[in-house]
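**Student:** Residue numbers (my numbering): 95 to 768.
Cβ coordinates follow ideal geometry from the N, Cα and C atoms, glycine included.
In this text, all values refer to a predicted model and were calculated from it rather than measured experimentally.
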C-alpha cells in the first residue's frame with residue numbers, strides 16, 4: 095500500500111481525507127504527521143493512535159530547524175525501518191499569503207514552502223501536494239508562484255546531471271558553434287559542474303553531521319557539553335562555502351578587469367559595481383545566512399508595525415542575490431552601450447550572461463544547454479534529452495485551483511494546490527469535481543440537525559427528536575454518497591444517506607477501522623501531551639458542540655445581521671442603529687440553501703442562518719466536512735500571548751484542509767500512482 099506523511103498537519107484535514115481514499119482495493123498507510131503546535135499533536139494522537147489504532151508517529155518540531163530533516167528521517171526509520179515515502183502532503187501556513195489579511199513582507203511563514211521543498215528533495219516521494227490560499231498566485235505580482243515552480247524544477251538528480259555534463263564534454267564539437275554560443279555553452283557547463291560539486295559537498299556535510307551526532311551519544315561528555323557540541327554542529331551544518339563558485343566568479347572578474355585596463359572612458363566606480371557584485375554572488379551562502387538571520391530578528395522582535403521595519407526590509411532587499419544580480423545586469427547594460435572596443439564589449443557581455451545563468455537555477459541552465467545543442471549539434475540533442483529527462487526529479491505543469499464545494503464540502507473555500515510527481519510517475523493536472531453547482535451541499539443540509547442547542551449550552555449527545563424533524567424537512571432529506579454525489583447519480587451498490595447521517599456514521603471504512611464503532615469519542619483539554627494526565631479525558635457521544643454565552647445585545651445584533659445577510663448591508667439599511675456601533679465588521683450570515691463562505695478561525699465571524707448566535711466548533715467542523723467522531727482537542731478558544739503556546743479548537747478547524755477535498759486529491763493520486 096502507498097505510504098504518506100502529512101507536514102504542517104494542523105488538526106489533520108489532509109490526513110483524514112487520505113485515510114478515506116480507497117481505489118481497487120488499495121488505500122494509504124499513514125506513517126507520520128508533523129506540526130510545530132503541540133495541541134495539534136494531542137488531536138492527532140487521540141484520533142489516529144487511540145481512536146483508530148494506527149501506529150502513526152507525530153513530530154512536533156519547526157520545519158525550519160537546522161536538524162529537521164535528519165530528525166524526521168530518524169523517526170521514520172526507527173519506527174518503520176527502511177520504508178519509502180510515496181506521498182508527501184502539506185500546507186505551509188498561509189497568513190501572509192491570504193487575500194483576507196494584511197500581506198507582510200519578510201514574514202517568516204513566507205519561506206516555509208522552501209523548507210517544505212527541502213524535505214521533498216531529501217525523501218523523494220512519488221507525489222507531493224502543497225496546498226495554500228488563492229492569494230499565493232498573485233503574491234508579489236505572481237513572483238512567489240513562479241519561484242515555487244522554479245524551485246520544484248530545480249529538485250534534480252545530480253548523478254543524472256553529472257552524466258549529462260560528461261556527455262556534453264565528451265561529444266562537444268566547438269567548430270559547429272558561433273563565437274557567442276561557445277561562450278554560453280562553456281559558461282553553462284562550468285556552472286553545472288559548480289552545482290554538482292556543491293551538492294556533493296552538502297551530502298558529505300550531512301553524512302558527517304549524522305556520524306558526529308551518533309558518536310556524541312556514546313561519549314562520556316556531560317549533558318551540558320553534549321548540548322554545546324550539538325548546538326555548534328547545528329550552526330555549521332548548512333553553512334557550506336562554495337569554492338567552485340568563488341573560482342568561477344573570480345575568473346569572470348579577472349577577465350572583466352583585464353578588458354577595462356587603462357580604459358579612461360569608463361569610471362572606476364562604474365566598473366567596481368560589477369566586480370563587487372561578482373564577489374557578493376560568490377559569497378551567496380554567507381549572504382543568505384545573514385539575510386535569514388535578519389528575517390528571523392524581524393519576526394522575533396515583532397517589527398511588523400515598527401518604525402524600524404522599513405530599515406530592516408531594506409537590509410533584506412540589499413542582501414538578496416536576485417537584487418544584487420539585477421543591479422549588476424543593469425550596470426552591464428550601461429557599460430555595453432558605452433563600450434568602444436570589442437574586448438570590453440565581449441567581457442561585459444560574458445559577465446552579464448554569467449550572472450543571468452547563476453540566477454536562473456540548475457534546471458533552466460540545463461535547458462539552456464540543451465537548446466544550444468539542438469541548434470548546433472542536433473544529432474547529440476536526442477541522446478542528451480534521454481538523460482535530461484532523468485535530471486528533473488519532479489514534473490509539474492501549473493498550480494491547480496480548487497473550490498471545496500465542488501467536492502461535497504458545504505463551504506466555498508478556494509484553495510490552490512501544487513501537485514508534483516516524480517519523473518517515473520503520471521502527471522496530474524486536474525482534480526475532477528465530484529458534484530455540479532446544482533448539487534452542492536448547503537449549510538442547512540450540513541448543520542441543521544445540530545440547531546437544538548441553546549445559548550451558553552454544551553451538548554454531549556444528539557437530540558433524536560430534533561434530528562428526525564430535520565430529516566423530514568427539505569434540506570435534511572437529501573440523500574448522497576459519503577463523498578457528496580446525489581443518490582440519483584450514485585453507482586449501483588453505493589450506500590447513500592443524508593450529509594448529517596454521514597457525519598454521524600463517519601466516512602472512514604469501518605472494516606479498516608473497527609475501533610471507531612467500539613468506543614465513544616474522547617475529549618481532553620490538554621494543550622500538549624505532557625498535560626494529558628492533569629487535564630483528564632471525557633467520553634461522550636458528541637464532542638465540541640458548545641455555544642458562546644452571548645448577551646441579549648449580541649443576540650439582537652445577530653438577529654439584525656440575519657435580517658440583512660451581513661453587517662455591511664445592515665449598516666447601510668439602518669446606519670443609526672446602536673446595535674451596529676461595534677468595532678467588528680466581518681459578520682456574515684450563513685444561507686440555508688448554499689454552502690458557507692470560507693470557514694475561518696474566528697467563530698463570531700459567522701451568524702447561524704436560523705438562530706441568533708455564532709457557530710459551535712462542531713458546526714464549523716461539519717462545514718469543513720469533518721466527521722462528528724473527529725474530536726478537536728485542547729481549549730475551545732484562547733487569546734493574547736497564549737495563542738503562541740496553544741492552538742484552540744476553532745483555530746484547528748479554520749486552518750484545516752477540508753477532508754472531502756483532500757479525499758478527492760488522494761483518490762486522484764491513488765488512481766495514478768505506480
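Between the beta-carbon of residue 753 and the beta-carbon of residue 720, is there less than 7 Å?
**Tutor:** Yes.
**Student:** Does DSSP put residue 182 in a helix, in a strand, or in coil?
**Tutor:** Three-state result, residue 182: strand.
**Student:** Could you tell me whether the Cβ atoms of residue 552 and residue 640 are closer together than 7 Å?
**Tutor:** Yes.
**Student:** Of the residues 139, 144, 128 and 236, which one's Cα is nearest the Cα of residue 187?
**Tutor:** The residue with the shortest Cα to Cα distance from residue 187 is 128.
**Student:** Looking only at C-alpha atoms, which of 514, 233 and 531 sits nearest to residue 524?
**Tutor:** Checked all of 514, 233 and 531; the closest Cα to residue 524 is 514.
**Student:** Looking only at its chain, what residues have a beta carbon closer than 8 Å to the beta carbon of residue 592, apart from the 5 residues adjacent to it on each side?
**Tutor:** Result list for residue 592: 539, 565, 570, 571, 572, 573 and 574, in chain order.
**Student:** Give me, in chain order, the residues of the same chain whose beta-carbon lies closer than 6 Å to that of residue 760; leave out the 5 immediate sequence neighbours on both sides.
**Tutor:** 111, 112 and 115.
**Student:** Would you call the segment 288 to 303 and the segment 319 to 335 touching, i.e. three or more CB-CB distances under 8 Å?
**Tutor:** Yes, the segment 288 to 303 touches the segment 319 to 335.
**Student:** Terminal residues of the continuous alpha helix (DSSP H) containing residue 168?
**Tutor:** 162 to 174 is the extent of the alpha helix (DSSP H) around residue 168.
**Student:** Quick check on residue 98: does DSSP put it in helix, strand or coil?
**Tutor:** Residue state, collapsed to three classes: strand.
**Student:** Tell me, to the nearest whole angstrom, how far the beta carbon of residue 150 is from that of residue 126; I am working on the premise that it is less than 8 Å.
**Tutor:** Contact flag correct, Cβ pair sits at about 6 Å.
**Student:** Residue 746: which of 768, 260 and 711 sits nearest, CA to CA?
**Tutor:** Nearest of 768, 260 and 711 to residue 746, Cα basis: 711.
**Student:** How should residue 587 be labelled, buried or exposed, when 16 other C-beta atoms within 10 angstroms of its C-beta is the threshold for buried?
**Tutor:** So residue 587 counts as exposed.
**Student:** With C-beta atoms as the reference, is residue 609 less than 7 Å away from residue 147?
**Tutor:** Yes, the pair counts as a contact, with Cβ atoms nearer than the cut-off.
**Student:** Taking Cβ positions, are residue 169 and residue 162 nearer each other than 7 Å?
**Tutor:** Result no, Cβ atoms of residue 169 and residue 162 do not sit closer than 7 Å.
**Student:** Find the nearest neighbour of residue 434 within the set 470, 359, 414 and 672, judged by alpha-carbon distance.
**Tutor:** Looking at the Cα atoms, 359 is the closest of the given residues.
**Student:** Quick one, which of 634, 312, 223 and 101 has its alpha-carbon nearest residue 556's?
**Tutor:** Per the Cα distances, 634.
**Student:** Which full runs of the beta strand (DSSP E) of 3+ residues lie inside the segment 442 to 497, going along the chain?
**Tutor:** Taking only runs of at least 3 residues, the beta strand (DSSP E) segments lying wholly in the segment 442 to 497 are 494 to 497.
**Student:** Report the residue from 136, 174, 118 and 132 whose alpha carbon sits nearest the alpha carbon of residue 99.
**Tutor:** Checked all of 136, 174, 118 and 132; the closest Cα to residue 99 is 174.
**Student:** What's the gap between the Cα of residue 117 and the Cα of residue 596?
**Tutor:** Approximately 20 Å between the Cα atoms of the pair.
**Student:** Go ahead and pull the three-state DSSP assignment for residue 533.
**Tutor:** In the structure shown, residue 533 sits in a helix (DSSP, three-state: H, G or I).
**Student:** Which one or two residues does DSSP pair with residue 553 in a beta bridge?
**Tutor:** According to DSSP, which records beta bridges pairwise, residue 553 is partnered with 639.
**Student:** Return the CA-CA distance between residue 702 and residue 671, expressed in angstroms with no decimal places.
**Tutor:** Spanning the two alpha carbons is a distance of roughly 21 Å.
**Student:** Confirm, please, whether the CB-CB distance from residue 457 to residue 432 is below 7 Å.
**Tutor:** Against a cut-off of 7 Å, the Cβ pair of residue 457 and residue 432 comes out as no contact.
**Student:** Select from 547, 436 and 343 the residue whose C-alpha is nearest the C-alpha of residue 704.
**Tutor:** Residue 547 is the option with its Cα nearest to residue 704.
**Student:** Hey, would you say residue 706 sits closer than 7 Å to residue 744, going by beta carbons?
**Tutor:** It is not a contact, given that the beta carbons lie outside the stated cut-off.
**Student:** Mind checking which residues open and close the alpha helix (DSSP H) that includes residue 611?
**Tutor:** Element bounds for residue 611: 609 to 612.
**Student:** Sorted by chain position, which residues of the same chain lie with C-beta nearer than 8 Å to residue 208's C-beta, five sequence neighbours on each side aside?
**Tutor:** Only 245 meet the Cβ criterion.
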